[in-house]
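Written below as C-alpha cells is the structure these notes are about.
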Amino acid sequence: MKISVLGGGNEVGASCLHIDLADTNIVIDAGMRMHADDPMPSLGMLEHLGDPDVILVTHAHADHIGALPVIHTLYPKVPVYTTPPTADLMKIMMKDSYKILEQRGLQTNSLLPYTEEQVNHLLESLLFIPANGVLRIGNVSITSFRAGHILGAVMFLIEGEGEKIFVTGDLSFQAGRTIPGAQVPHDINPDVVIMESTYGNRTHTDRNTEERRLANDVADIISEGGFALIPAFALGRAQEVLLVLQDYMDKGLIPEFPIYVDGLVTPISRIYKNYPHYLKGPVAYRIKNNGDAFLTEGRCHAVSPKEREAILKGKPGCIVASSGMLIGGASSWYAERLISNEKNAIFITGYQDEESPGRKLLNVANGIDHHLELNGVSYPVKCQIGKYGLSAHADASEMNRFIQSLNPTYTLLVHGDDEARSRLADQLDSRYNPILVENGESYPFEKRKSGIGIKGKRYQVNRSNVHLQEKVGSLLLYQNENEKQLKLVICTGVHHKSHTLFCQTLKGKQVKLHIAQVIETIGQWNRSIEELKEAADQVFTFIRPYLESLHWDELPNRILSLQEIFHQLQVESIKEQLAVAIALQSLPTQNHYKDDNRNGFYTMDADVKKSLGKLSLPIQGLQVNPTYAMDVVRNHLSNHPRFIRCGVDQLGTEHETLTIYFDFPDAVPEHEREDIISFVKKETGWTTSFSDSIRQDLLHSRVKTLLGNSIGSPSIHLNEKKVVVSLVKPKNSNSVIDEFYKETGFHLVFKEDDTGTSQTGNMEQLFHTKTLTKRLENNQAIEEAKRWAADRGITIYKTSIKQQNGEPIMEVHFITQEIAKNHGTDLEELSYRIGMPVTFAKNPKQNEIIRITMEFIPTSWDIIKNPSIHIDKSSVVIKVASMPKESELREISRKIEVMTGYKLTVGV
C-alpha cells in the first residue's frame, strides 16, 4: 500500500490523494486553492504514480473538486464516482469556480488552469455511487459512509488483498439543522486512516449557544437600523444560517425582519429540495409541506445583482451571501458598502484561510489592523464584527474518539495547518502512530507476511498513559502554582510524554495542565457546555446552599474515593457533585491524599464529618464576594426606614464581617436584627454586625420636625440615650415622646423634667468605629484625611491633631458644623482609616460662607451691603433694594444651605 499526497496535506485547500492498494490506483478528490498564486495540487506526481483506475469525490466544496477538470482531461476514460447530491451540487460549484478563475485571469493577465469546455465534459461524465454504497473497482471494494459536513458528503473504506484504508474527507459528528452527523463504522479496524484535522487544536463551543448569539446579534443590528451581512459558504453554512434565523423568528425569540439571499446560496438551496431523504426530518417535512425549507416566501428574498443597490437603500435586514471568506462574489460586494458604517455588522460563521479577507477582518476585530482590503481597495472598518462557532468540521475531542473507535495501525493527518495537526497528533494515543504528512510526499506501508494488514510497530500499552487517557472528557479541579483558588476545566486531550493535559475552560479558553496541577477528577461530562457553565458559576459563586442539606454523618468512618462519597451521599446533580468535590479539598492534610493519577481519597471520621456538617472548614465559596453581598443587603433593606448603608470590616481576615449602619440603631429591635443576620447568612454566607453609631444630625432634625424650629440647640446625651430640649412641655408631649422613641430609640426630655445628668452637649462630639484599626502617625493621618475627603467628594479646610483626656483625636474643619453633622457616617469611616476618634471644629468659616453666598446671589438683587453671619441662628443675612420673586428666593436659599448649612435671610 502506498499513499501519495498531491495536495491538502499540510494545508486546507487543494485536497488530492493518490492511493495504490492491491494493484489498484485510486485518486480521491482534486481541489484548488481558490485565492492562492499556486491554485493546483501537484498533479505532475501522477506521471510516476500510475494511471488512476477510478476517481472518487468526497463532497462538492471547491477545495476538493476545483482541479477535477484537469485530471479528467488527463484521464478522460477514468470513471469519476460521487453521490447524486454531490454531482448536482458540482454542476453549480464548478461553473461558479470557473467564473471566479476567469475574472481573476482577466485582472492578472494570467492563464486559466482549464477551459469551460473541460468543466462541462467532467460534469457530463460523473457517475453515481450505487445506492448500497459499495463499488468494486479492480481488486478493491469501496464502501461509502455518511460524513456529515454538507449534503452528499461521504467517507470511503477501501479494502483489497487483506489491507484496509479509511479516508474521512471532511467530516462533522455534530448534526446540524440540515443533515445528520457522520456515520461511525464499527469493527472495521483499518490499517491506515487518513483524517482531516481542520480543527485539531480546538473544542467547539455549544452549538445552541452560538446559534442564539447569532440570532440575537443580527436582530439587534437590524433593530438599530443597520444591515447584518453574513458571508457564508453557499453550500452548507448558508442553509444552516437561514434555518437558524427563521427558527428563532417562528418561535418568537427575535422579531421578524427581511432576509436577503444572494450569490450561489439561492440555486444551491434549491438542490436540497431534491434530496429530502438525505436531510434531517424537520427539514424534509418543511420541503414536503412548503416546497422549500430555506427560502420562506415573504420572509426570504432571492436577490439578483441588479437588485443589490435597491436592497441597501430599502428596509434594513440580514444579507446571507457567498463567498464565506469574502473572496469575491456577492458577500464581497456588500462588504465594500457596509464595512465603514458603524450601524452595520459583518458576522463570520465559518473557517477562514490565513490570507483570506475574512481572516483579516477578524484580525481587525482583535485590534491587529483597522483597515480591510477588498477587491484591491482599502476600507476603514467601522462596522461591528462578530464570530460564531457553527462549524461543519469535527473538533479535536471528536476526532480523538473517532480514531479510538476505528483503531488503526497508522493515522495520517491531512487538511489542517501545522498547529492544528500537531495538537491533534499530540492528543492521539501513540499506538495509532499519528503522522503529519507533507504535500508532495509518498507514504509506503509494507504488507505483513500473513497477507493480512500492514507491518507496523504495536506499542506496549503503558498503564500510566491509559490512566492519563481516561482523563479525556472529564471535569477536573485544578490549582495554578502559588494560588489557592480551585478552578474547573474539561480535559480534551493528553500529551503522554510530558504528562500534559489539554483542557478547555468553561469560557472556551484552551489551557495546558501538568498532571500534578490536578486536584480532583470529578467525572465525565457529555452534556452542553452552557449547562455546565451555569451550574459551575452558581456553585463557585456561593457553595453553601448545595452543602447545607447533605448528611455527612451517614458516611462510614474509613477511606473513601470521591465517587464512593457521591454514592453514599446520593449526590447526582452536577451542582452537588461540584460542591462536594470542592468542600473535600478543605479537609486537614492528614485526612486526604492523591494517588499517582491525581484521584482523591478522603479519610472520614467523626470530627471531619462534624466540621463538614457545620460548614466550619475553610471551604471555597462559603460566602459570596463582598460587593455582591452588599448589593444583597442594600436590596433587602432598601425600604427599611432606618437603613443608611453597609460596608465590610477587616476584609481578608478571619474576622471579616459585613457591617450594617442604621441612622438610629437603638430603634431596630433585637428580633429584627436576628432576622437580618439569618437572611444575610443564608443569602450570602456573611457574618453580620451592626454599627452603634448614631446620626446625631438627624436626631436634631427629627426634634425640629416634631417641635418646630424654635427649639434652639437640643442637648444630646448618648450614654443615657436621651435628647433634652429647652422647651415647655406641649399638650401633646406624650405622643411626641412616644413617636420620637419609636423612631430613634432615644428618650425626648423637656427641660423641666431633666434630672440633671451629665451634659455632653458642649463636649467634643466624637466619631469612631468599634472595629479597632492601627493608629496612623499624625502626619500620615492628616494625609489620609485628605485622601478620604477626595474619595468622598467632601470639602474640608483644615485637619489637626489635638489631645482629649490624654488621647489624640483628629479635628476636621468643615465650612460649618451644620455641614459636618451631615457627614457622621463619613467621619466614622475616616476614624476607621486613621485609627483614632474624629471630631469637627465648631466655628464656621465666615469668609467662605460670605464668598459662596455672593456667588449665588444674582446681580439683579442689588445687595445694599455685604452679608452678615448669625452663628446662633445658623443663618446668613443680606439686605437688598427690593424683594426678589419668592420662587427665586427659595431656590437661591436652597443652594446656599446645601453648600454652607446656613439658611439665607433677606431683608429690604
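The sequence shown maps to residues 900 to 1807 in my numbering. Beta carbons: idealized from backbone N, C-alpha and C, even for Gly.
| Check | Outcome |
| --- | --- |
| Decide if the region 1058-1075 is in contact with the region 1040-1047; the criterion is three or more beta carbon pairs, one per stretch, under 8 angstroms apart. | yes |
| Compute the distance between the beta-carbons of Cys1217 and Val1160, then report whether it is under 7 angstroms. | no |
| Which class does Tyr1377 belong to by DSSP, given the choice of helix, strand or coil? | strand |
| Can you tell me the Cα-Cα spacing of Leu1536 and Pro1564, whole angstroms? | 14 angstroms |
| Under a CB-based cut-off of 7 angstroms, is Asp1116 close to chain C? | Of the chains in the structure shown, none is chain C; there is only one protein chain. |
| Which value, in whole angstroms, describes the spacing of the CA atoms of Thr1670 and Lys1432? | 39 angstroms |
| For Ala1131 and His1292, what's the separation of their Cα atoms in angstroms? | 15 angstroms |
| Counting beta carbon pairs with one atom in the region 1322-1329 and one in the region 1058-1071, are three or more of them shorter than 8 angstroms? | no |
| If we call anything under 7 angstroms between Cβ atoms a contact, is Thr1108 one with Glu1453? | no |
| Could you give the C-beta distance for Thr1643 and Glu1727, rounded to a whole number, given that I count them as a contact under 8 angstroms? | Contact doesn't hold; Cβ gap of about 18 angstroms is too wide. |
| Does DSSP classify Glu1710 as helix, strand or coil? | strand |
| Could you tell me the distance, in whole angstroms, from the CA atom of Lys1802 to the CA atom of Glu1747? | 14 angstroms |
| So, at 6 angstroms on beta carbons, what are the nonlocal neighbours of Lys1641 in its own chain, with the 5 sequence-adjacent residues on each side left out? | none |
| Does the contact criterion of 3 or more C-beta pairs under 8 angstroms hold for the region 1152-1171 versus the region 1194-1209? | yes |
| Taking just the CA atoms, how far does Tyr1233 sit from Val1164? | 15 angstroms |
| Just verifying my parser: in three-state terms, what is the DSSP assignment at Thr1526? | helix |
| I'd like the list of long-range same chain contacts for Leu1142, defined as Cβ closer than 6 angstroms, with 5 residues on each side in sequence excluded. | Arg1076 |
| Can you confirm whether the region 1142-1151 touches the region 1221-1229 when touching is taken to mean that 3 or more C-beta pairs between the two stretches lie within less than 8 angstroms? | no |
| Return yes when the Cβ of Val1627 is within less than 7 angstroms of the Cβ of Pro1613, no when it is not. | no |
| Are the Cβ atoms of Val1776 and Thr1799 separated by less than 7 angstroms? | no |
| Please state the DSSP three-state secondary structure of Asp1548. | strand |
| Run through DSSP, which three-state label would Asn924 get? | strand |
| Quick one: what's got a C-beta closer than 7 angstroms to Glu1015's C-beta in the same chain, skipping five residues either side? | Tyr997 |
| Where Leu1261 and Ile1284 are concerned, what is the direct C-alpha to C-alpha distance, given to the nearest angstrom? | 7 angstroms |
| Following a CB-centred definition, is Asn1019 positioned closer than 6 angstroms to any heavy atom of the ligand ATP? | Looking at this structure, you won't find the ligand ATP or any other ligand, since it has none at all. |
| Can you check which of these residues, Gly1551, Val1531 and Gly1611, is closest to Phe1578 by C-alpha distance? | Val1531 |
| State the Cα-Cα distance for the pair Ser1472 and Ala1434, rounded to the nearest angstrom. | 9 angstroms |
| Who are the Cβ neighbours of Met992 in its own chain at under 7 angstroms, not counting the five residues just before and after it? | Ala959, Ala961, Ile964 and Leu1134 |
| Here's a check: name, in chain order, each residue in its chain whose Cβ is nearer than 6 angstroms to the Cβ of Ser1774, leaving out the five neighbours to either side. | Tyr1801, Lys1802 and Thr1804 |
| Out of Ile1770, Pro1757, Phe1755 and Arg932, which has the shortest C-alpha to C-alpha gap to His1314? | Arg932 |
| For the region 1102-1118 against the region 1188-1199, do three or more pairs of beta-carbon atoms, one drawn from each stretch, fall closer than 8 angstroms, so that the two count as touching? | no |
| As a quick exercise: from Pro1487, Asn1498, Asp1562 and Val1779, pick the residue whose alpha carbon is nearest that of His1539. | Asp1562 |
| Determine the burial state of Thr1604: buried for a count of at least 16 other Cβ atoms within 10 Å of its Cβ, exposed for fewer. | exposed |
| For Thr1672, tell me which candidate among Asp995, Gln1549 and Tyr1331 has the shortest Cα-Cα distance. | Gln1549 |
| Where Phe1055 and Asp1495 are concerned, what is the direct C-alpha to C-alpha distance, given to the nearest angstrom? | 42 angstroms |
| Going by beta carbon distance, what residues of the same chain come within less than 6 angstroms of Ala1719, once the five residues before and after it are set aside? | Phe1713 and Phe1739 |
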